[in-house]
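Working notes for the structure below.
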Amino acid sequence: KEEWKAEKASLSGTQTIKAELEQAKIAIEQARRVGDLARMSELQYGKIPELEKQLEIATQSEGKTMRLLRNKVTDAEIAEVLARWTGIPVARMMESEREKLLRMEQDLHQRVIGQNEAVEAVSNAIRRSRAGLSDPNRPIGSFLF
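Residue numbering for the sequence shown follows the working numbering, starting at 91 and increasing by one per position.
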């Protein structure tokens with residue numbers, strides 16, 4: 091429980107720094123509109139770089155120590171949730187099929203010449219369908235070219 095509280099405090103500290111940085115950027119824009127050059131230089135060369143350094147340090151320490159809480163979602167976690175929702179095993183897509191989907195455009199370019207946008211549209215539609223991101227009750231695509 092103590093570890094969770096420490097991680098929560100670290101995350102809220104990072105969020106506070108981000109909020110202060112955003113407020114400083116808004117203040118510098120307001121000072122620019124008014125023409126307050128002293129305030130602009132104070133913010134631009136003093137407060138904003140200091141907050142950016144603090145944010146960088148906090149982000150680095152957050153990445154090293156966080157085990158229970160995280161502020162970012164990874165691609166693997168998104169794929170896992172999609173697989174759970176749709177019932178399609180996105181994470182277990184066969185490697186050979188994955189390779190085919192990655193080099194599909196090059197293979198189509200060998201047969202279809204001068205239709206770059208069409209090849210890209212067809213490839214994207216097939217990738218969406220194979221990944222389970224399209225509506226199963228609708229066709230994969232309708233193409234006229």
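Every residue, glycine too, gets a C-beta built ideally from N, C-alpha and C.
Computed from a predicted structure; not experimentally measured.
Please look up how many angstroms separate the CB atoms of residue i and residue j, rounded, as I've assumed it's under 8 Å.
i, j, result
"residue 209", "residue 187", "The Cβ separation is near 19 Å, so there is no contact."
"residue 230", "residue 215", "6 Å"
"residue 138", "residue 114", "5 Å"
"residue 108", "residue 145", "6 Å"
Is residue i helix, strand or coil when you go by DSSP?
i, result
"residue 177", "coil"
"residue 124", "helix"
"residue 133", "helix"
"residue 202", "coil"
Excluding five sequence neighbours on each side, which residues of the same chain lie with their C-beta closer than 6 Å to the C-beta of residue i?
i, result
"residue 176", "222"
Please list, in chain order, all residues of the same chain as residue i whose beta carbon is under 7 Å from its beta carbon, the five residues on each side excluded.
i, result
"residue 96", "none"
"residue 117", "133"
Are the beta-carbon atoms belonging to residue i and residue j less than 8 Å from one another?
i, j, result
"residue 133", "residue 111", "no"
Residues in its own chain within less than 8 Å of residue i by CB, not counting five upstream and five downstream?
i, result
"residue 149", "104"
"residue 198", "209, 212 and 213"
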